[in-house]
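Colleague: Each residue of the sequence shown is one higher than the one before, counting from 1 in our numbering. Glycine is no exception: its CB is placed at the ideal position from the N, C-alpha and C atoms.
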Amino acid sequence: GTRGASVWTVSAAIFLIAQGLFAIPVVPGVPAYLASGVIIANAGRNEGWSFGLCMCWAVVVAQACKQAAFFVEQKVFGEYFGTALWVRSALGVNTKVTKGIKLIMLAPGVTLHKVFLLVGGPDWPTSVLAGVLGIPAIPCQLGTLPVVIPIGITVLSGGAMTREGATWENMAGVLLMLSAATLGGSFIFFFIALERVLETRADEIETMLKPVSEGGEFDEEIAKFEQEQAAYNQVRVAVSSWPVLGSVWQTVLVLSLATMTFSTAIFALYPESCFNEVTVTTELSGPPIYNNALNLVKAPMGWWGLGLQLSSLVLLLAFRRMQAIRSRNTHADLVGA
Numbered sequence: 001g002t003r004g005a006s007v008w009t010v011s012a013a014i015f016l017i018a019q020g021l022f023a024i025p026v027v028p029g030v031p032a033y034l035a036s037g038v039i040i041a042n043a044g045r046n047e048g049w050s051f052g053l054c055m056c057w058a059v060v061v062a063q064a065c066k067q068a069a070f071f072v073e074q075k076v077f078g079e080y081f082g083t084a085l086w087v088r089s090a091l092g093v094n095t096k097v098t099k100g101i102k103l104i105m106l107a108p109g110v111t112l113h114k115v116f117l118l119v120g121g122p123d124w125p126t127s128v129l130a131g132v133l134g135i136p137a138i139p140c141q142l143g144t145l146p147v148v149i150p151i152g153i154t155v156l157s158g159g160a161m162t163r164e165g166a167t168w169e170n171m172a173g174v175l176l177m178l179s180a181a182t183l184g185g186s187f188i189f190f191f192i193a194l195e196r197v198l199e200t201r202a203d204e205i206e207t208m209l210k211p212v213s214e215g216g217e218f219d220e221e222i223a224k225f226e227q228e229q230a231a232y233n234q235v236r237v238a239v240s241s242w243p244v245l246g247s248v249w250q251t252v253l254v255l256s257l258a259t260m261t262f263s264t265a266i267f268a269l270y271p272e273s274c275f276n277e278v279t280v281t282t283e284l285s286g287p288p289i290y291n292n293a294l295n296l297v298k299a300p301m302g303w304w305g306l307g308l309q310l311s312s313l314v315l316l317l318a319f320r321r322m323q324a325i326r327s328r329n330t331h332a333d334l335v336g337a
């Protein structure tokens, strides 16, 4: 897929695409790191770069993706959008855990606990929370630097996938497992560090959870918002109960479930008849893709399965829309009464 593209071009493309992926809360960074190793190895080989040089540059690109994504999420999503009530509520700014994380991140310098948080914590929540809490950017960037270790291992795994031979194939698998182990280990150490802060600084955290009038940081606006959301959710559950839905919306839900079940069965039982097999090292200009992403799907069964999934999604979205309208109207009537 990198034939004709220079290393600099694919590096820029990886960086830009990674920023979009990192902005999605549920998307982890590992696919971007792995892709850096695969794509830059292929592009560099076409330009006469050595494998070692390709891997070094791929690590630089992947690390830049991580550092830039953290900065953007902290400053844009955290500091700018962090004023929104739903964002602060979702991050639990009035909870002991969040206050404990704040104490860790506000510690002077780059502490071991802070490194465990920035390296082992989930990408999106950690960076956005740093922005909401007003943590300075430079300590966060410095504390994120050690993530180069698991990033480097993941990049090497991707690069090994582009090499031929059983040795390289086995090495790719070992490196990928090692990467998962280092990231998982950082995550575990973060929880240990957080638990220690919650125990040793419990009195300080309790003070932070007091109202502002008593010298604390408890956000009354968020507390009121969460109470209103709890009342709204109770209404939402009530208007969505099976007996009050009515036959039309009961049918919509059943059809949505049935079409999703059928499509899942098709994909699970007949995968070879639904999709062409590709890997991260597949040349996109050759078989079976031939520079057309639609060639990934096999006709007719693959399209039937995707059509059923799309039908299920449309039906579910229609139900959710109805649910939101009923909930909003009912809640407004109750508040008005």
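(1) For G134, tell me which candidate among L21, G82, V119 has the shortest Cα-Cα distance.
(2) Give me the Cα-Cα distance between L123 and L129, rounded to the nearest whole angstrom.
(3) What is the C-beta distance between G78 and F190, in whole angstroms, given that I count them as a contact (C-beta under 8 angstroms)?
(4) Between L53 and G44, which are expected to be in contact by the criterion C-beta below 8 angstroms, what is the C-beta distance as a whole number of angstroms?
(5) Start and end of the alpha helix (DSSP H) containing R13?
(6) Nearest CA to the CA of W303: which residue from P271, R236, S6?
(7) Using only the alpha-carbon positions, how far apart do Q234 and L156 sit?
(8) I need the DSSP call for P271, collapsed to helix, strand or coil.
(9) With a cut-off of 8 angstroms on the beta carbons, I'd call S213 and S256 a contact; round off their distance for me.
(10) Mind checking V93: buried by the 16 CB within 10 Å criterion, or exposed?
(11) So, helix, strand or coil for V27, using DSSP?
(12) Any idea what DSSP makes of P211, helix, strand or coil?
(13) Starting from the C-beta of G100, find all residues in its chain whose C-beta is less than 7 angstroms away, skip the five residues before and the five after it, and write them out in chain order.
(14) Might you give, ordered along the chain, the residues of its own chain that have their beta carbon closer than 7 angstroms to the beta carbon of R326, omitting 5 neighbours on each side?
(15) Could you check the C-alpha separation between A32 and A137 for me, to the nearest Å?
(16) When we look at the beta-carbon of G338 and count the other beta-carbons within 10 Å, is it buried (16 or more) or exposed?
(17) What are the partner residues of F218, as DSSP defines its beta bridges?
(18) Got a sec, what are the start and stop residues for the alpha helix (DSSP H) P288 sits in?
(19) Mind checking whether V297 and L306 have CB atoms under 8 angstroms apart?
(20) I need the straight-line Cα distance from M105 to P146, nearest angstrom please.
(21) Can you tell me which of T182, A258, R328, A5 puts its alpha carbon nearest to the alpha carbon of Q229?
(22) Could you spell out where the alpha helix (DSSP H) holding P139 opens and where it closes?
(23) Less than 8 angstroms between the C-beta atoms of A160 and M171, yes or no?
(24) V119: buried (16+ other C-beta within 10 angstroms of its C-beta) or exposed?
(25) Skipping 5 residues on each side, what residues in its chain have a beta carbon closer than 6 angstroms to that of S179?
(26) For V132, is the classification buried or exposed, using 16 other Cβ atoms within 10 angstroms of its Cβ as the cut-off for buried?
(27) Excluding five sequence neighbours on each side, which residues of the same chain lie with their C-beta closer than 7 angstroms to the C-beta of I40?
(28) When the cut-off is 8 angstroms and only beta carbons count, does S241 lie next to chain B?
Modeller: The short version:
(1) G82
(2) This sequence places Asp at residue 123; Leu is not what is there. Rounded to the nearest angstrom, the two C-alpha atoms are 10 angstroms apart.
(3) About 19 angstroms separates the Cβ atoms of G78 and F190, ruling out a contact at the 8 angstroms cut-off.
(4) The pair is a contact, with the Cβ atoms about 7 angstroms apart (cut-off 8 angstroms).
(5) This sequence places Ala at residue 13; Arg is not what is there. Unbroken alpha helix (DSSP H) run through A13: 7 to 22.
(6) Nearest option by C-alpha distance: P271.
(7) Near 50 angstroms, if we compare the C-alpha coordinates of L156 and Q234.
(8) helix
(9) No, S213 and S256 are not in contact; Cβ-Cβ is about 50 angstroms, not under 8 angstroms.
(10) buried
(11) coil
(12) Under the three-state reduction of DSSP, P211 is assigned to strand.
(13) Excluding sequence neighbours, G100 sits near L194, V197, L198, I205.
(14) V239
(15) 23 angstroms
(16) In the structure displayed, the chain extends from 1 to 337; residue 338 sits before or after that span and is not available.
(17) P211
(18) It is not in any alpha helix (DSSP H) - P288 carries neither H nor E in the DSSP assignment.
(19) yes
(20) When the Cα atoms are used, M105 and P146 turn out to be separated by approximately 16 angstroms.
(21) R328
(22) 137 to 144
(23) Their beta carbons are under 8 angstroms apart, which means A160 touches M171 by this criterion.
(24) buried
(25) The beta carbon of S179 sits closer than 6 angstroms to the beta carbons of P150, I153, T154 from its chain, once the five residues preceding and following it are set aside; these are given in chain order.
(26) The residue is buried, with at least 16 neighbouring Cβ atoms inside 10 Å.
(27) V7, V10, S11, C54, W57, A58, V61
(28) No chain B appears in the structure shown, which is made up of a single protein chain.
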